[in-house]
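Read the structure below first, then the notes.
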Amino acid sequence: MFLTTGTYMASLYKMPISNLNGIGAKRAELFAKLGINSVGSLLNFYPRAYEDWSTVEKISDLQYGSMSCIKAVLATPISDSRISGGRIISKGMVYDDSGSLQIVFFNNRYISSMLKGGEEYFFYGRITTDSYGAQMIAPTFSLASEGAKIHPVYRQTAGLVSKTISNAVKQALSLLPKTVNDPLPQQVRDIFDLCDLKQALNDIHFPKNRECLEKARKRLVTEELVVLNLGMRNLREHSRGESGVKITKSYSSEFETFLPFTLTNAQKRAVSDCVKDMLTKSSAMNRLVQGDVGSGKTAVAASVCYTVIKNGFQAAFMAPTEILANQHFETFKKLFENTDIRVALLTGALKESEKKRIRQELSDGEIDLVIGTHALITDKTEFKNLGLAVTDEQHRFGVAQRAKLLGKGENPHLLVMSATPIPRTLGLIIFGDLDISVIDELPPSRKPVKTVLMSAAQRKRIYNFIRSEISSGRQAYIVCPLVEEGELDNVASAEEYAAELMLKEFSDIPVGIVHGKMKSDEKDEVMGKFASGEFSLLVATTVIEVGVDVPNASVIVIENAERFGLSQLHQLRGRVGRGEFQSYCILVSDKTTPTTRARLEVLCSTNDGFKIADEDLKMRGPGDFFGERQHGLPQMTIADFADTKSLELSQKIADYILFTYKDIRCDELRLLRAEIDRLFERGGQNTLN
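Shown next as structure tokens:
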């Protein structure tokens, strides 16, 4: 947001934070730790919470343990005394017309000069008690003459408390000109009932009441999502120029003739979308094929590869792990065994001489389709004429890695595959630089996985069921949640759990163990042994969420299921049900709160990943779709992807802006354009240059 008068004023983003009173070099360093370097970035550092001081309680009515606000007079000046370790404890007595209360501060050497005896203040804090009666520990406070307000609480760092940040924000707000030019045009604000920027900034930091806070929040959240929305759309339209790969004929029908099965209508639609992009557009295809586990995305990718190769170009398929690359290689080799297409595998695990040979054949054009891992994007790997890049499991590859693979050719076509179902509204923003095809139909041969919720007390029954499946020749997974240091003792780590099973319940059955702290080659070795049937039971953390394809696995038990998001549980469930046998998912949880039970029962009631994703977004938020922050997506300061109403509103506003103003580069949108550039520079991309 560029904050200017009608004539000229330097952007507050260019004004160092040290320009504010009371912020010297040392304090500026503390602000920098919070990502605040300029006055403008301080204004965008929104409160993480608010303390509502508008409800004032009488001292006689206070409840122990509650967070309360009182209006009271400091009876005498604050007195300091030293306690063990050289620490300072400061105490004072306050009173109102109903009673008195002690206030206590620790290691605050300035507090005695900040509070004056005989003055009336608002005090806000937690009520506790000791042998002398009620007390309030380290309360926040302000003069009663300032009035009861909603007070902001900011994210802090050592040496920089919320009150200091609050005082700096007050100064920053006072620097705003009388009229702040607004990135959202007046016409847009009027139609969609959004307050102006200056009011929003004042009210998000120091709201007069809850209504003002909600209006400010709506305005700032909506603006941020509109900026993201427009920026991602712009990426899709302008980030990739004309392709050097000219596809003149579709070979989709020919490919289908040598398949041992019939493609579903949804698969055919996805193939058609891809081929149409390549045949009719001058720009390169940039498409995401999104489908649930088992929906047949690999067959879609194979069909598109076939068309590109038959038009005289090479194709590359990049998988996130060595095991997946090996499995895809076997799948593609089988699919193309009755054709003249030459398929190769390139991974880091190959011998150096083998890698060198494959790279030479790729460079010479002797290999038509290469399946690989990150080995495909090293500088040593060159293609003769790469026409199509396919990446599997979008959320495992960053924008930079995608770009590196695309850089191996003359703006080749891109096909991204994801088995993480994402609600459409969210998908349009997150994958705004990609066109989207959805495979919303499973092949008729796939049997739905039966899912049940059980308690830990039923574990003996669960183990007996696993044993019966293994004795029938099947295999099973047991998944434990990641355990952080200091967590509850009743949550077992995968290693401890596996050791116990090996010694007790399944001492006669080969058990494997895999978790995130193992080295990649160790994980691959264990998963490889499970895939080949050497292990009948695999105990794992969520590293198997995207992993081996073992058609023989028919049971997955997920311990402490309440600790996972629904989307993640659905992904884990997708490890079974890949073969001809009926498969089962057993969720184990002793958390019986109505909310937890409702969440887990969603999974028991449906195998539809998109329905589950919608529920997950409503109940838990978007974190489970991505784990860590989505690669390449700019960091939001106030917007929340779980807020579907705001997502939908931002979508409508973005549509309206593009319809009304036609071009994002028009003069009326220059401030909005500047915001898009600023947001995407934060995320490591530049969309409009």
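Residues 406 to 1094 in our numbering are what the sequence shown spells out, letter by letter.
All residues carry an ideal CB built from backbone N, CA and C; glycine is no exception.
Every value quoted in this text rests on a predicted model; they were computed, and no experiment measured them.
Tell me, which residues are paired with residue i by DSSP?
i: A454; result: V558
i: D773; result: In the DSSP output, where bridge partners are listed per residue, D773 has none listed.
i: H739; result: His is not the amino acid found at residue 739; the sequence shown has Lys there. For K739, which the question treats as bridged, DSSP gives no partner whatsoever.
i: Q695; result: S823 and V843
i: Q507; result: M498 and Q540
i: L751; result: G777
i: M420; result: DSSP lists no partner for M420.
i: C474; result: Y529
i: Y989; result: K855 and V960
i: Q732; result: According to DSSP, which records beta bridges pairwise, Q732 is partnered with nothing at all.
i: E462; result: I475
i: T546; result: Per the sequence presented here, residue 546 reads as Phe, with Thr not at that position. Note: F546 sits in a beta bridge opposite F528.
i: Q719; result: L791
i: G917; result: L943
i: D926; result: None; D926 has no bridge partner.
i: R487; result: I493
i: S443; result: P421
i: S688; result: E647
i: D535; result: G538
i: H818; result: L793
Among residues of its own chain, excluding the 5 on either side of residue i, which ones have a beta-carbon nearer than 6 Å to its beta-carbon?
i: K620; result: C600
i: L1077; result: P588
i: S567; result: V558, Y559 and Q561
i: Q765; result: none
i: V632; result: E1080, I1081 and L1084
i: Y529; result: E456, W458, C474, P544 and T545
i: A780; result: L751, T752 and G753
i: K438; result: T562
i: E815; result: G649
Nearest to residue i by CA position, among the options, is which residue?
i: D457; options: T584, N442, P612 and A549; result: P612
i: Q1056; options: P557, L618 and V626; result: V626
i: F1015; options: R851, V955 and V843; result: V843
i: S988; options: V960, R594, I493 and S925; result: V960
i: S677; options: F666, E661 and P665; result: E661
i: V955; options: L755, G777, L729 and S473; result: L729
i: K579; options: I1081, T796, S823 and V444; result: Note that residue 579 is Ser in the sequence shown, not Lys. The shortest Cα separation from S579 among I1081, T796, S823 and V444 belongs to V444.
i: T669; options: V574, L847, I1081 and K521; result: L847
i: P590; options: D1082, L1084, Y1061 and R1083; result: Y1061
i: K681; options: H818, K496, L633 and A430; result: H818
i: D929; options: Q806, N731 and K809; result: N731
i: L1052; options: K623, N614 and G649; result: K623
i: S517; options: T534, L810 and I493; result: I493
i: S571; options: I609, C679, I542 and V585; result: I609
i: L606; options: R514, I542, S446 and E815; result: S446
i: L1008; options: T997, T998 and Q973; result: Q973
i: D1068; options: N639, S536 and T796; result: N639
i: G938; options: A881, D913 and Y656; result: A881
i: F788; options: I772, D797 and V795; result: I772
Leaving aside the five residues before and after residue i along the sequence, list all residues of the same chain whose C-beta is less than 7 Å from its C-beta, in chain order.
i: A861; result: V993 and D995
i: E889; result: Reliability of the predicted coordinates at E889 is poor, the pLDDT of 47 falling under 50, and no value is obtained from them.
i: A903; result: V916, I918 and V944
i: K785; result: R764
i: V854; result: R978, V981, G982, S988, Y989, C990 and N1012
i: K419; result: S443
i: E892; result: Here the model assigns E892 a pLDDT of 44, short of 50, so the residue's position is not dependable, and the following value carries that caveat. For E892, where only same-chain residues beyond five positions count, there are no Cβ hits under 7 Å.
i: Q672; result: G701, A704, V705 and I844
i: G636; result: I1081, L1084, F1085 and T1092
i: A549; result: K476, E525, Y526 and F527
i: S486; result: I494
i: F986; result: R879 and S959
Could you round the C-beta distance between residue i and residue j to whole angstroms and report it? I think they count as a contact, below 8 Å.
i: M907; j: V916; result: 5 Å
i: I1058; j: F597; result: 6 Å
i: I883; j: V944; result: 5 Å
i: S941; j: I875; result: 5 Å
i: Q507; j: M498; result: 6 Å
i: L565; j: L435; result: 4 Å
i: N716; j: K760; result: With a Cβ gap of about 28 Å, N716 and K760 do not count as contacting.
i: L839; j: N691; result: 5 Å
Leaving out five residues before and five after residue i in sequence, what residues of the same chain have Cβ atoms less than 8 Å from its Cβ?
i: Y455; result: I555, H556, P557, V558, P612 and L618
i: L774; result: C710, I714, Q719, A720, A721, F722, F737, F741, I746, R747, V748 and A749
i: V931; result: G917, I918, V919, M923, F940 and L943
Kindly say whether residue i, judged by its beta-carbon, lies nearer than 9 Å to any beta-carbon of chain B.
i: P956; result: Protein chain content of the structure displayed is limited to a single chain, and chain B is not contained in it.
Taking only runs that begin and end inside the region 575 to 649, name each unbroken alpha helix (DSSP H) of 4 or more residues, in chain order. Qualifying alpha helix (DSSP H) stretches, in chain order: 591 to 596, 602 to 610 and 615 to 643.
At what residue ranges does the region 859 to 886 contain a whole run of the beta strand (DSSP E), taking only runs of 3 or more? Listed in chain order, they are 880 to 884.
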